[in-house]
Each structure stands twice: as C-alpha cells, then as structure tokens.
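The numbering used here puts the first residue of the sequence shown at 274, with every later residue one more than the last. C-beta atoms are modelled at their ideal positions from N, C-alpha and C, and glycine is treated no differently. Structure record follows, encoded as structure tokens.
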Amino acid sequence: MSIPDHARANFATLLRAAADGKLALMECTDAVTGEPRYVICAVGRDGTDFVFTPFGHLADGNPFDAYVPPSVTLPDEPAS
C-alpha cells in the first residue's frame, strides 16, 4: 500500500506544527453524526486571528480495535 502525496504533505505539516509547539486538541462536532470528536489541529495566525487546521480525530475507545495494520496479504473475503 502506498501513502498518497497529500497524506505525506499533511503529515509533514503536522510534524512541523508539533516541533513548533503549535498543536491544539479541540472538541468539535462530527458533521455527519453530530457526535463529539476530539480533533488534532495545527494552530496558525491570520493577522490577529487564530486559525485551526484540523488533521484528524482521536479514536474512540481502544485504537487497537479500530484499525488493522498493513500486511502483505489481505485476509480472505468472507464467503457469501
């Protein structure tokens, strides 16, 4: 699996924000479900205003249950 260029660029931006101490964790509302989400944002300035750029939200519950790590072979599809 190849990571797309836009994801690499966003990750590089996130790393720079972290190195500069310009990250925030914000409580936001999911636009689809209306559920609260805890969103990792880079913090910038536009004149005297703060600008928060969202990068993603923290997984609810145990993140090890939410994701499957990449593998060389995919698991077999369930029989229908």
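Exposure of residue 285, with buried meaning 16 or more beta-carbon neighbours within 10 Å: Flag for residue 285 reads exposed.
Cβ-based neighbour list, residue 303, same chain, cut-off 6 angstroms, excluding 5 preceding and 5 following: If you ignore the 5 residues before and after residue 303, its C-beta comes within less than 6 angstroms of the C-beta of 310, all in its own chain and listed in chain order.
Paired residues, beta bridge with residue 311 - DSSP: DSSP lists 300 as partners of residue 311.
DSSP bridge partner residues for residue 318 (one or two, in chain order): Answer by DSSP bridge pairing, in chain order: 323.
Contact under 7 angstroms by Cβ, residue 287 with residue 328: Going by C-beta atoms, residue 287 is nearer than 7 angstroms to residue 328.
Segment limits, alpha helix (DSSP H) that includes residue 286: Looking at the DSSP string, the run of the alpha helix (DSSP H) that includes residue 286 is 278-292.
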